[in-house]
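Numbering (the numbering used here), first residue to last: 577 to 758.
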């Protein structure tokens, strides 16, 4: 079993790529102890001292460390934990928790915006250990939730404004602005 560690644009976050699928649907983000208690893997993983938050993607875990902790002290603990968990064939995420939210009542423009984000934006940010979820489109403003390495990343504003906002404005004249809602 090989686990590859990848540096992300967010200096506080590392991406740990594994050769096993964690989940099938959209990612799961854990930002605090209460959220970690939702399933066994996250509860056990969050007990590693120095982890601030983490995001479980299809085949990776993006870990954001606490600012006062160095990667030198934390990386080995994370790698050991992941290797043990994966090789022991423990259940990583229960099926009931591996479900994306289905939102009802979206207008046609919102559906098209979400499709562009899913097809063009999400695969790109997943390479950096993050995810971007469409939340809403209202009065010309697209609201997005940043997850994993994207949340708190110094370059997230540039990604939103110069990348995603320009992309969406190109396809949809109705879009005037893109905002993060984290």
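Every residue gets a Cβ at the ideal spot worked out from N, C-alpha and C, and that includes glycine.
| query | result |
| --- | --- |
| The segment 710–730 / the segment 642–651 touching (three or more Cβ pairs under 8 angstroms) | no |
| Cβ neighbours of residue 693 in the same chain (closer than 6 angstroms, five flanking residues each side left out) | 710 |
| DSSP state of residue 580 mapped onto helix, strand, coil | strand |
| Supposed close pair residue 724, residue 633 - CB separation, criterion 8 angstroms | 7 angstroms |
| Residues near residue 753 by beta carbon distance below 6 angstroms, same chain, minus five either side | 717 |
| Separation of residue 586 from residue 712, as counted between CA atoms | 25 angstroms |
| Burial state of residue 677 (16 or more Cβ within 10 Å) | Reliability fails at residue 677, whose pLDDT of 48 lies under 50, so the model's placement of it is uncertain and no value is given. |
| Three-state class that DSSP yields for residue 613 in the structure shown | coil |
| Status (buried if at least 16 other CB within 10 Å, exposed otherwise) for residue 596 | exposed |
| Spatial distance of residue 644 from residue 606 (CA atoms) | 19 angstroms |
| Opening and closing residue of the alpha helix (DSSP H) in which residue 710 lies | Element bounds for residue 710: not the alpha helix (DSSP H) but the beta strand (DSSP E), 706–714. |
| Option in 581, 635, 707 and 748 with minimal Cα separation from residue 729 | 707 |
| According to DSSP, residues forming a beta bridge with residue 659 | None, per the DSSP bridge assignment. |
| Own chain partners of residue 584 with C-beta closer than 8 angstroms, once the 5 adjacent residues on each side are dropped | 590, 591, 638, 704, 705, 706, 725 and 729 |
| Close Cβ partners of residue 700 (< 7 angstroms) along its chain, the five nearest in sequence each way excluded | none |
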